[in-house]
Amino acid sequence: MTPKTFKIKNFGCQMNVYDGERMSELLAARGMSATAEADDADLVVLNTCHIREKAAEKAYSDVGRLRREDGSKPLIALAGCVAQAEGAEAQRRSPMIDIVVGPQAYHRLPEMVDAAVGGNRPVDTDMPTISKFEAFPARRKANPSAFLTIQEGCDKFCTYCVVPYTRGAEVSRPWDAIVAEARSLVDAGACEIVLLGQNVNAWSDGKHGLADLIRALAGIDGLERIRYTTSHPADMSDDLIAVHGEVDKLMPYLHLPVQSGSDHILKAMNRSHSTETYLRIMDKMRAARPDIALSGDFIVGFPGETEADFQATLNIVDEVGYAAAYSFKYSARPGTPAATMEKQIPTEIMEDRLARLHERIEAHQLAFNAGKVGQNTQILIERMGRHAGQMIGRSPWLQSVHVATDAGPGDIIDATLVAAGPRSMTGAILQKVAA
Ligand code: 5AD
Ligand code: SF4
Numbered sequence: 068m069t070p071k072t073f074k075i076k077n078f079g080c081q082m083n084v085y086d087g088e089r090m091s092e093l094l095a096a097r098g099m100s101a102t103a104e105a106d107d108a109d110l111v112v113l114n115t116c117h118i119r120e121k122a123a124e125k126a127y128s129d130v131g132r133l134r135r136e137d138g139s140k141p142l143i144a145l146a147g148c149v150a151q152a153e154g155a156e157a158q159r160r161s162p163m164i165d166i167v168v169g170p171q172a173y174h175r176l177p178e179m180v181d182a183a184v185g186g187n188r189p190v191d192t193d194m195p196t197i198s199k200f201e202a203f204p205a206r207r208k209a210n211p212s213a214f215l216t217i218q219e220g221c222d223k224f225c226t227y228c229v230v231p232y233t234r235g236a237e238v239s240r241p242w243d244a245i246v247a248e249a250r251s252l253v254d255a256g257a258c259e260i261v262l263l264g265q266n267v268n269a270w271s272d273g274k275h276g277l278a279d280l281i282r283a284l285a286g287i288d289g290l291e292r293i294r295y296t297t298s299h300p301a302d303m304s305d306d307l308i309a310v311h312g313e314v315d316k317l318m319p320y321l322h323l324p325v326q327s328g329s330d331h332i333l334k335a336m337n338r339s340h341s342t343e344t345y346l347r348i349m350d351k352m353r354a355a356r357p358d359i360a361l362s363g364d365f366i367v368g369f370p371g372e373t374e375a376d377f378q379a380t381l382n383i384v385d386e387v388g389y390a391a392a393y394s395f396k397y398s399a400r401p402g403t404p405a406a407t408m409e410k411q412i413p414t415e416i417m418e419d420r421l422a423r424l425h426e427r428i429e430a431h432q433l434a435f436n437a438g439k440v441g442q443n444t445q446i447l448i449e450r451m452g453r454h455a456g457q458m459i460g461r462s463p464w465l466q467s468v469h470v471a472t473d474a475g476p477g478d479i480i481d482a483t484l485v486a487a488g489p490r491s492m493t494g495a496i497l498q499k500v501a502a
């Protein structure tokens, strides 16, 4: 039976959220409608993540959970990075999976659904040279803060990372396609656009870089805020740093993963920067935009990491004074060089280091947030809070702010930040300025 309803479940990064939106639009264009719950859908798409073992394993337990009480199951499509990494092997491991579609092939999902309905078990993990983006319908609905993929893939080959294998080589979308999509997102209700790429600051069309693109997008009426993520230190050009001091719509926030504070670990990770070059970038960012909120990612327990290496990581956290940071236990990924390195670190040591790193990061987050108490600023309202009359929005520094207001999603309100926690803040409203 041809499916009439679908549910897409996204895991992993923001790019998967974007991909999930595009798949949803493709299926809607065929007359299918989305359901709130997977249980009610004829087709369930699991848009998976392969970055760490736990995320990848989750894909399979989630497939198993799609079996219904009466023994039936929906049509199941495994999409995203697990699909890319495992291909047809995924169907051998879990025969419930009907369709396997990688992140560069999902524009073909509708035909694959037809094939599956016809009794086939299609697998598509191609990385076509013709961009999938051309195959999508125009954007018609957008969140107040909308994602826009401008670059995909990675050529950096950090020794721990699956992304170069699951997302392929670095590819930049053309300038005109990006500007057109940004315009349609704004027409569809977005007032903030978050430019996405695995190495977003590597974006280039041969003539322009990300800084030029940001300057151009800032000219779009109705677009109030621009952000971009995730950047690589090797592509942090002086022009991009400078644009933070020039373009008001570019929010004062930079997510720049460093992964470790130890130079010999950075070398073993094949990061193309040292702690010194990284810190110099952060200094330049602060010079260009003194109030910038700095963010990063860390991996603890990379093979060979000693207590002294870990101490160096704690030191760089102190030195940067992160407004936010994300930390992960190293996870050995099949096919990556680090997986077969000597001196893999025992789990207990990783857990101990992760807890200590969390504590240190949280102290800095709290300090950053506390430093903003008393500040008047603008909050982009995104969604309802848990209590009646309470809304949740974002400050320019990407802090999650709880505020009692009758403003709705997409409104930007003037507010004073009145109280700080390590992960969120409370705001008090001054007045509504834009709708
Ligand atoms: N193990 C643990 N964390 C990882 N990351 C990437 N690969 C791994 C891995 N094998 C982390 C990095 C990256 C973030 C998205 O995930 O910190 O910046
Ligand atoms: Fe996960 Fe990386 Fe794929 Fe995003 S690109 S879904 S983080 S493996």
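Residue numbers for the sequence shown follow the working numbering, beginning at 68 and rising by one. Ideal placement from N, C-alpha and C gives every residue a C-beta, glycine not left out.
What are the start and end residues of the alpha helix (DSSP H) that includes residue 414?
-> 414–437
Decide if residue 497 is buried, meaning its Cβ has at least 16 other Cβ atoms within 10 Å, or exposed.
-> exposed
Buried versus exposed, by CB contacts within 10 Å (16 or more), residue 159 | exposed
May I have all residues whose beta carbon comes closer than 6 angstroms to any heavy atom of the ligand 5AD, sorted in chain order?
-> 118, 119, 227, 228, 324, 326, 364, 366, 395, 397, 398 and 400
Segment contact flag, the region 222–232 with the region 333–345, C-beta cutoff 8 angstroms, min 3 pairs = yes
Return yes when the Cβ of residue 267 is within less than 9 angstroms of the Cβ of residue 295, no when it is not.
-> yes
With residue 467 as the anchor, note down where its beta strand (DSSP E) starts and where it stops.
-> 467–471
Closest residue to residue 259 among 377, 248 and 129 (Cα-Cα distance) = 248
Selection from 490, 195 and 194 that minimises the alpha carbon distance to residue 390 = 490
How big is the Cα-Cα spacing for residue 98 and residue 69?
-> 11 angstroms
Going by the beta-carbon positions, is the gap between residue 201 and residue 219 smaller than 9 angstroms?
-> no
If residue 211 and residue 413 are in contact, beta carbons under 8 angstroms, what's the gap, nearest whole angstrom?
-> With a Cβ gap of about 45 angstroms, residue 211 and residue 413 do not count as contacting.
For residue 94, I'd like the list of residues in its chain whose CB is within less than 6 angstroms of its CB, leaving aside the five on either flank, ordered along the chain.
-> 73
Just the Cα atoms here: how many angstroms apart are residue 205 and residue 92?
-> 8 angstroms
Look up residue 461 in the DSSP assignment and say whether it is helix, strand or coil.
-> strand
Neighbourhood of residue 408 by C-beta, 8 angstroms cutoff - its chain only, sequence neighbours within 5 removed = 226, 335, 370 and 371
Residue 365 beta carbon less than 9 angstroms from that of residue 393 | yes
Is the distance from the Cβ of residue 191 to the Cβ of residue 167 below 9 angstroms?
-> yes
Start and end residues, beta strand (DSSP E) containing residue 121 | That residue, residue 121, is in no beta strand (DSSP E); its alpha helix (DSSP H) goes 120–131.
Check residue 493 in the structure and name its three-state DSSP category.
-> strand
Nearest CA to the CA of residue 241: which residue from 250, 217, 221 and 253?
-> 217
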